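In this text, residue positions in the sequence shown follow the working numbering: the first is 428, and each later residue adds one.
The block underneath contains the structure these notes are about, expressed in structure tokens.
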Amino acid sequence: MDNPQRPTMRSRKLGQRLRALREERGLTLQGAARLLHRTPSSLSKLETGKRGIRRPALEHMLDRYEVTDSRDRECLFDLAEHAAEKGWWHRYEGRLLSTTVDYIGLESEANSIKSFQLHLIPGLLQIEAYARAIMKVGGSQGESVEVDAMTAVRLRRQEVLSKPRPPQLNAIVSEAALRQRIGGEATMEAQLGHLIEVSRLGHVTVRVLPFSAGAHAGINGSFSVISTRDLSVVLVENLTAGWYLEADKDVRRYDWSFAQLLKSSLSAEDSLILIEKLRSKT
């Protein structure tokens, strides 16, 4: 069951948890391999997410590791079952950052998404003209950007908000992002109008971090915390790369930062008033 592609987020998470179980029991890779009647190489590939595992083999492993908690076992079974699944977004591998491909996959199954954006409207809330304007300037150092394809990807991602059981999206947007005239005045007027419209959905909350907040917990940059049924991760991006923070302590740190940003932000009602005010000035 070797996976010739790079490990998925779920296969890496499964591997990390299995490695943690092994280490908690004081087993070396070689010792665990003997216990499980596997080779050290195959076990190493499993723990790094490069090899999948079927349920009977995983049940045997958990039995040998003496994992008896039914919730822990079912969580690991679920990770293993879906570890190699790929959606429509994987056709863009090689054209998108690997972290973006992983993120879209997680986004499609998310229960909750917390997004803090310092300079832009969150991707799930962008209209086509706004997204296209961003894609047009997305190239750097002579690199070309497939504007149509990348805009289409962004718009298709937004379908997650209209599925039968959509995630709870909590978005904090800086006032700077609302005032930046991306795409021109007509585009920004439509974009701000769209924010007002989607913020009235029961599963979408938009809060504005005003200039008057001063120094705040997100001063170092944008981030997203995404949670599915079996894992939570943080995505941090810059111009040329994106990376995940998957350790529980890191997720807790960013959850705390998001909570602090909420305290510094306008209420949902006052946020709508400011957005409407800015829209009327475009």
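Glycine included, C-beta positions come from ideal geometry on N, C-alpha and C.
Every value quoted in this text rests on a predicted model; they were computed, and no experiment measured them.
- Cβ contact annotation for Ile700 (same chain, cutoff 6 Å, sequence separation greater than five): none.
- Assignment of beta-bridge partners to Asn647 by DSSP yields no partner.
- In this structure, Gln585 places its C-beta atom within 8 Å of the C-beta atom of Leu551.
- Ala460 and Pro467 have their C-alpha atoms some 5 Å from each other.
- Judged by DSSP in its simplified three-state form, Leu672 adopts strand.
- In the DSSP assignment, Lys541 forms a beta bridge with Asn597 and Val652.
- Secondary structure note for Arg634: it is in no alpha helix (DSSP H), and the uninterrupted beta strand (DSSP E) holding it is Val631 to Leu636.
- Annotation: Val587 is outside any beta strand (DSSP E) and is labelled neither H nor E by DSSP.
- A distance below 8 Å between beta-carbons, with the five flanking residues on each side excluded, links His487 to the following residues of its chain, in chain order: Leu463.
- Taking all protein chains shown into account, Arg481 has fewer than 16 neighbouring C-beta atoms within 10 Å of its C-beta and is therefore exposed.
- Closest in C-alpha terms to Arg452, from the list Ala484, Val494 and Thr475, comes Val494.
- Contact between Arg706 and Leu619 holds, with the beta-carbon distance rounding to 4 Å and staying under 8 Å.
- In terms of Cα proximity to Ile554, the closest of Gly641, Ala598 and Arg581 is Arg581.
- Judged by DSSP secondary structure, Glu664 falls within the beta strand (DSSP E) whose first and last residues are Ser659 to Glu664.
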